[in-house]
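Asker:
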Amino acid sequence: MSHCLIRLISAPSTTARPRPSHFSVLSFSQFSTSIRRSTTSPQSDAPNEDDVQKCRLWLSQHDPKTFPRSIGTLSYSRSSGPGGQNVNKVSSKATLRVPANDLLKDLPILMHEPLRASRYYAKASNNLVIQADDSRKQADNAERCWERFHQLLKETAGKAVPGITSDYQKSKVKSL
């Protein structure tokens, strides 16, 4: 990356374009790769306190059993691998597809980028795709998809939202 940047800066310009006064910096975070303008303030990436509170509230109000199932579409197909005749005849593998645009409308903004960077996100279809073929029963695999979906949301919120600092920890840091 730096090699290309050096060539870009040192190459003579053949067009009459104005040169930018700032450069974009490629930032590799835990969740995604994004281009951000570099700033002098180290606190610019700190989440907004209102967004953090909304995310914590949202997370406390949802669990796998109460999450609205109308947001996703379940489909069933034949599972693969060992298992004899049952695998070849019964469509027990469950696939849950959740349109990202519909989901992100209901989620706190702090969760948007990490969800799009998750392994379940299919960029081509803009869906979260979660599959389960752990059981021979359709209903069990469907339930497992919803559990994985909720676990994904829970982990995403946990990574996006900083934990609550205890009073003891605050006093310990102040004394340093």
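Basically the working numbering = 1-based index in the sequence shown + 97.
Glycine is no exception: its CB is placed at the ideal position from the N, C-alpha and C atoms.
The model shown is predicted, which means the values in this text are computed figures rather than measured ones.
1) How many angstroms separate the CA atom of Lys190 from the CA atom of Ser222?
2) By Cβ distance below 7 Å, which residues in the same chain neighbour Ala257 in space, the five residues on each side in sequence not counted?
3) Hey, could you find the ends of the beta strand (DSSP E) Pro211 is sitting in?
4) What does the alpha-carbon distance come out to for the pair Thr163 and Asn224?
5) Three-state secondary structure (DSSP) at Tyr218?
6) Might you give, ordered along the chain, the residues of its own chain that have their beta carbon closer than 6 Å to the beta carbon of Ser176, omitting 5 neighbours on each side?
7) Beta-carbon within less than 7 Å of Pro205's beta-carbon, same chain only, minus the 5 sequence neighbours each way: which residues are those?
8) Look at Tyr217 and Leu171 and say whether their C-beta atoms are less than 8 Å apart.
9) Roughly how many whole angstroms lie between the Cα atoms of Gln158 and Pro165?
10) Measuring alpha carbon to alpha carbon, tell me which residue in Pro196, Tyr173, Val187 is nearest Ser167.
11) Leaving out five residues before and five after Lys251 in sequence, what residues of the same chain have Cβ atoms less than 8 Å from its Cβ?
12) How would you write the range of the alpha helix (DSSP H) that Arg245 sits in, first residue to last?
13) What are the start and end residues of the beta strand (DSSP E) that includes Lys269?
14) Can you tell me whether Arg166 is helix, strand or coil according to DSSP?
15) Any chance the CB of Cys152 is under 7 Å from a heavy atom of the ligand HEM?
16) Please report the distance separating the alpha-carbon of Ser215 from that of Leu201.
Answerer: The structure says:
1) Along the sequence shown, one-based indexing puts residue 190 at 93. Along the sequence shown, one-based indexing puts residue 222 at 125. If you take the alpha carbons of Lys190 and Ser222, they lie about 20 Å apart.
2) On the sequence shown, residue 257 is found 160 positions in, with the first residue counted as 1. Only Cys152, Leu207, Met208, Pro211 meet the Cβ criterion.
3) By one-based count along the sequence shown, residue 211 stands at place 114. Where Pro211 is concerned, there is no enclosing beta strand (DSSP E), although the alpha helix (DSSP H) it sits in stretches over 209-213.
4) Your numbering for residue 163 matches position 66 in the sequence shown. Your numbering for residue 224 matches position 127 in the sequence shown. Approximately 21 Å, taken between the alpha carbons.
5) Here residue 218 refers to the residue found at position 121 of the sequence shown. DSSP places Tyr218 within a strand segment (E or B) once states are collapsed to three.
6) Here residue 176 is taken as the residue at index 79 of the sequence shown, counted from 1. The answer, listed in chain order, is Val184, Ser189, Lys190, Asp230.
7) Mapped onto the sequence shown, residue 205 falls at position 108. The residues are Asp148, Lys151, Cys152, Trp155.
8) As a working note, residue 217 is residue 120 in the sequence shown. As a working note, residue 171 is residue 74 in the sequence shown. No, these two residues do not count as a Cβ contact at 8 Å.
9) By 1-based counting over the sequence shown, the position of residue 158 is 61. By 1-based counting over the sequence shown, the position of residue 165 is 68. Each residue's Cα considered, the two are about 12 Å apart.
10) Reading the sequence shown from its first residue, position 70 is the one you call residue 167. The residue with the shortest Cα to Cα distance from Ser167 is Pro196.
11) Reading the sequence shown from its first residue, position 154 is the one you call residue 251. Leu156, listed in sequence order.
12) For this step, residue 245 is matched to residue 148 along the sequence shown. First-last of the alpha helix (DSSP H) with Arg245: 235-257.
13) For this step, residue 269 is matched to residue 172 along the sequence shown. Bounds of any beta strand (DSSP E) do not take in Lys269; it lies within the alpha helix (DSSP H) bounded by 264-272.
14) Numbered from its first residue, the sequence shown carries residue 166 at position 69. For Arg166, the three-state secondary structure derived from DSSP is helix.
15) The ligand HEM is absent from the structure shown, which contains no ligands of any kind.
16) To locate residue 215, count along the sequence shown from 1; it is residue 118. To locate residue 201, count along the sequence shown from 1; it is residue 104. Rounded to whole angstroms, Ser215 to Leu201 spans 14 Å at the Cα level.
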